[in-house]
Every structure is written in structure tokens, then in C-alpha cells.
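In the numbering used here, the protein residues as written are -12 to 691.
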């Protein structure tokens, strides 16, 4: 079986390759860059707890702790008044989840990418090929071929291919997939600096700061990084105003002086000195002091909202910025890209080892595109209210909403509510068959992420539930009092023998875990959890037939339908790795609890002989532009949008030095409005599409 080809070596592509390696699936990552990450302190990523946990499971937990920082609190100020303050739970890995929320992890994006590259370099099943620019794609029923240019230019043969190559994705253009949406939804001036602020360790969003005019649209955020660094973002007014170095320095001094509580007696009385900007003093404005600071990096970040019309075409998939751009109102696009990688990895793992139904492969688009569309739609609805509240009434934009503007912004920045919470796959095509579930037995609804409770594994170790994700199904038994008994006794008592047999008989790899309690669950409740941490269902007691039916649904229904083509190698006679180069131990699930063993020897990471494929020159210069109103507002399947990327810069452009305006990461040529289309999953004909359940398009062309 040929390896999976990943195009693009950003955080999403590297994470996907690492997740595949953990599943015993070989991959080759085509990287058009030389492999050296530019150090940009002002280009940072904010990872929510679920995506930070995913990155940690890939072998980057140490990097998150050393290069990243977890905030102690989040505060919103309006003018001079504190509007809201959210305190985060202290970092206690083994404690039960408390009422306080967990902090995001804030770190420079180059540090994250380097950590992922280092982890991937240790994997025998993955190879990163630098200087390889994709030029052409060809696919058939047996596999997919990619032609690259550059020092390593050749034809590569793979079983599947994923385009993680950013907003100007060559994969998306070669597949002729349209990328409608809006350009420059928001623009931010950005600076990274070293200084001391009055609230160490706390992130701040300051609305209408008095020293910057105090207008309804003015806004600045300050988020701490490691080693005493801060990232500051200023929301720019609409238009293409040039952000000069002098203007950016003025913004920095205005903000720092406004936040400083020190008031000097008189200029020239000994409290002046040479400031870091070289003007010979630290005064700025009447009655305020500009604290010392060291400016490290600047830029302009432009937020675009775009959504690819299709995320799967045959054996090719899109993920990350190649599939979506989002980021207004503080939401994070990199979060969504990492969720793409986690969602797709386990499905490709099943397909690579055992074959997969079309329903399983289509479920990636149905789940992830639907989630991103809902996020974009929520951002589009909230933007007029939050940026121009005078023109829209609350109940018109968000019917029934009783929350304030500041709370909505907090949701976007902290990963809560419709603007930021982890997605719920309520309309997934992988849902259990009707009648399998009696009713809501736990507080977590089917399709939602499970709570990270403490669990006991088969070896007796007590770990967090999220630490066991990524391999196969998790079967969690709620059994109060388990921890007070010796493992030898409770494993052979009560429900455990029957449950152990039921788990071993499931049609896919599974691990049995036991927990003292789970929110809303009674004793002897059994939870089935997908490899990406979303709840399949909760059952009252051990019910082997229902458990088997749920596992069948998770792997795509009639397992093996269409699997013959998936099993066939794309090129005959593919070389095999030497002995000992197979997948990592346990790739098929914990011993004794799963039904699929460790995969056999993996094939050599598949560079096909260039003489076996026709020569191709150049990449077709295809534009993703479509008619400005082609299908817009098409009833029944509107092309919704969602927001999630504000601070990561993954979808926008960061201008070095901050002297010029923004480069559009996805240019206007890519953007007509599109109304929807037929993107439902296989097997759902005649039913409402799980991709875009809302019938009104929230994507607009630039002329709207």
C-alpha cells in the first residue's frame, strides 16, 4: 500500500503526518520551502485546550510548556472600566476538572512548527522532502500521483493526498475547487515587544481605549508570551490605510502610556531617560509615562473569510487554510486546521489498513466543513453588531441572545459559544443507527467532545481521558469506587468480564477504560468515544449488540464497501521497508482489548520512477473566481461561514517591519459568492445536507 502524500509542511500538514505515523500509516510530506522556519515573534498561535492536547499527544508537550504560556486570566476593559475578568484554572495535570476554564496556550508559530518538525524527524514512517513544489496531480481508482518541481522534482505515488498548502493552495487549484468568500474582513496592526504591563500573566482586550480616540470601533489586545514578551494587536479602521513604522510606534506608545498607572511630577525632574525608541525620554502625552519596552517584530494581519466548496475529490482532500480562512472577532483558524488533521487522520488510518466505505471518507467533509461553516456564519452574524452596534438590534442579529458584546468577544478569544467552542458533530453520517440509544444518559450530547476526566487504564495507571485519544475507539465504564479496590479484583468482578469480551469483539480497535465519575452519568454507564474525542453514544450497562452497531457506524456503516480499491497499491511492486521499520508498537490498539493487530511492514515512502509517468510542465494557472452571485442565497443549502483565526495569522498576511499594508492571503480573485451546492455525504440523498444545514448563504462577494 502506498504512503499518504501530504502537500505542505505547516503546522496542519506536519500534525497530520505525525497523527498518521501514530496509526502506523506511512506518509511523505512535500515541502516547497527549504525547511527553515523564519523567526517571527509577532506571528503567534493560540491553541485551545483540545487542540493543545492534540499537539501534545503528537510528541510536542514539552515544546508547548517551554515555548508557550498559559494565561492566568482574561480581562476586557471598555474605556477605563473593567467589564469582565475570567480567571483560569491553575495548571494541575492530575486534578479533576474544576469549574474554572482551562487557559489556552499562546506560543510563536515558528516554535510550534519547529517542534512538529523535530517530532516528525524521529518518525520512521514519515519523510519530509524539502524543495518540492507541486506541479500536477493525477488520480485513478488505485491511487493518486503527484508531480513536483525543484531539486527533488519527480513523480510521487500515494494512496491518498491531502492539500495542507495554505490559502493559495496549489492542490485546490489543480482540483478546480472554488474558494468563495470575503477579503479583508478585518485588519490588525501587530507588534511583539518585551515590556512589563500592570497585569502580568493576564491577557487583555481593551475596547474604546481613551488614548486612541475612544471611538466605538477602536480596540487593542495584549496577550502574554513566554520570556516576558507580549503580542499587541490594534484593530484598524476599514479601508486600506497604510500602516507606517511611525504610526505603529505611536500606537505602541499610546497603549503603553494609557495602561501605565504612573504619573510623573514634572518633566525634567530626573524621571526621564533614553527610551527604546530613541527619542531621549519616556514621556508621552499629558500625565502619563511610557514604560520601557523593546520592540522585536511588527506586521499587519489581514483576516479573510473563505470556505472551499468541496473538501474531498476522489482520493484528494483539503485541510487547514487550503480549505478555509477565518479569524474575525478573536477566533483562531489554526485551531480549526488542527481539528481537520485530527478528524481526517483516524479515518485515513482505517482506510489505509482495512479499507473504508465512501461514507467514512465523505464524513470528513460533512463534519469539518459543516463545523467551519457554522463558525463563519456565527461570525458574519455577530460582526455588524460588534463592529457597528448602532445599525443593528441585538435580537435581530442573535435572536433570543441576552449576552453583551464583550461576552461575545470573550467567547471568540477563549473558545466558547458559537464563535469558539469545539464543534459538535450532531449531524454526522457516522451517527449510530436509530433506536440504538435509549436517551441522554450523560451531560455530553452525542457528537460533542467528551469531558477530560481521570480514567484507569488496563495496566492500572491513572491518566486523563484525552491522553488516550488518537488510536481507536475508547470504551469508558463509569464505576464509582474503582480506585479503592485492587485492579486484580475489580477486573474480574461485576460487569468487567462481560464488558471486556464485548470490547474485544468490536469490529475496530478499542481500549477499555474505567472512570470514577462522568458528568451526568449513573453507575454502570458505558461511553463510546471516537479517536478524535467526540462521543458516539452512552449506553446503560453492557449491551454488546448496540456497542457493535455503534462501532460499525463509526467506521462508515457497511465496512469494506469500496475497500477493494482502497487496499490495492497504486503502483505494482512497491518496495518494502526493511524488517523493523513497521508501525509503532500498539498502532492497532492496546494488547488484548482490540481486534486488529499491529500493521505489517510498511512500504517504502513511495517515490515512483519518473519514467513511469508522463512528463508534465507547469501548474495550470486556474483562478478560483466564480460569478459574483453564482448561486448566492440558493435555497436549501447555503454556503455558510465561520470565524476562527484572529491571532494566528495563518490565514492572513504578516508584513515584515509593519511598514506596508497587508498582503491578502487569499486574493480577491478567489472570491465570488456561492450559494451552496450538493456536498452531502454518500448515502444521504434526499435528506438535508449535513454540510450546510442553514438555507441562507452568509458568504458574500467583495461587491456586496
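Every residue gets a Cβ at the ideal spot worked out from N, C-alpha and C, and that includes glycine.
Check: Which listed residue (205, 280, 288 and 148) has its alpha carbon closest to that of residue 230; Outcome: 288
Check: Residue 14 versus residue 521 - alpha carbon distance; Outcome: 25 Å
Check: Distance CB(residue 152)-CB(residue 22) smaller than 8 Å; Outcome: no
Check: Best match in 91, 219, 324 and 489 for proximity to residue 281 [C-alpha to C-alpha]; Outcome: 219
Check: Proximity below 8 Å, CB of residue 197 to CB of residue 293; Outcome: no
Check: 3 or more residues per run - each beta strand (DSSP E) lying fully within the segment 293 to 373; Outcome: 303 to 305
Check: Cβ-Cβ separation, residue -3 to residue 307 (assumed contact under 8 Å), whole Å; Outcome: 7 Å
Check: DSSP state of residue 438 mapped onto helix, strand, coil; Outcome: coil
Check: Stretch pair the segment 26 to 46 + the segment 356 to 371: three plus CB contacts closer than 8 Å; Outcome: no
Check: Reference residue 290, options 177, 148, -7 and 52, closest by Cα; Outcome: 177
Check: Residue 398 classed as buried or exposed, judged by whether at least 16 other C-beta atoms fall within 10 angstroms; Outcome: buried
Check: DSSP-derived helix/strand/coil call for residue 46; Outcome: helix
Check: Opening and closing residue of the beta strand (DSSP E) in which residue 182 lies; Outcome: 168 to 182
Check: Exposure label - residue 626; buried when at least 16 CB within 10 Å; Outcome: Note on residue 626: pLDDT 35, under 50, position unreliable in the model; no value is reported.
Check: Which residues DSSP lists as bridging residue 95, in chain order; Outcome: 31
Check: For residue 5, the three-state DSSP class (helix, strand or coil); Outcome: helix
Check: Where residue 488 falls, given that 16 or more other Cβ within 10 Å makes a residue buried; Outcome: exposed
Check: Residue -4, DSSP secondary structure in three states; Outcome: coil
Check: Residue 768 - containing beta strand (DSSP E), residue span; Outcome: In this structure the chain extends from -12 to 691, so residue 768 is not present and cannot be described.
Check: CA nearest to the CA of residue 181, picked from 206, 210 and 173; Outcome: 210
Check: DSSP-derived helix/strand/coil call for residue 11; Outcome: coil
Check: Per-residue DSSP class, three states only, for residue 40; Outcome: helix
Check: Run of the beta strand (DSSP E) containing residue 211, from where it starts to where it stops; Outcome: 206 to 211
Check: Beta bridge counterpart(s) of residue 280 as assigned by DSSP; Outcome: 182
Check: Candidates 502, 171 and 457, of which the one nearest residue 467 by Cα; Outcome: 502
Check: From 227, 221 and 226, residue whose alpha carbon lies closest to that of residue 237; Outcome: 221
Check: Proximity of residue 527 and residue 512 at Cβ, strictly below 8 Å; Outcome: yes
Check: Limits of the unbroken beta strand (DSSP E) element including residue 134; Outcome: 131 to 136
Check: Supposed close pair residue 3, residue 149 - CB separation, criterion 8 Å; Outcome: 6 Å
Check: Short Cβ contact (8 Å threshold) for residue 465 with residue 508; Outcome: yes
Check: Nearest neighbour of residue 120, chosen from -7, 164 and 43 [CA to CA]; Outcome: -7
Check: Assigned secondary structure, residue 395 (DSSP; H/G/I helix, E/B strand, else coil); Outcome: helix
Check: Residue(s) in a DSSP beta bridge with residue 217; Outcome: 180 and 211
Check: Proximity winner among 404, 302 and 365, relative to residue 339 (alpha-carbon distances); Outcome: 302
Check: Residue 454, enclosing beta strand (DSSP E) - first and last residue; Outcome: Careful: residue 454 lies outside any beta strand (DSSP E) and carries neither H nor E.
Check: Beta-carbon proximity list for residue 44, same chain, < 6 Å, skipping 5 on both sides; Outcome: 457
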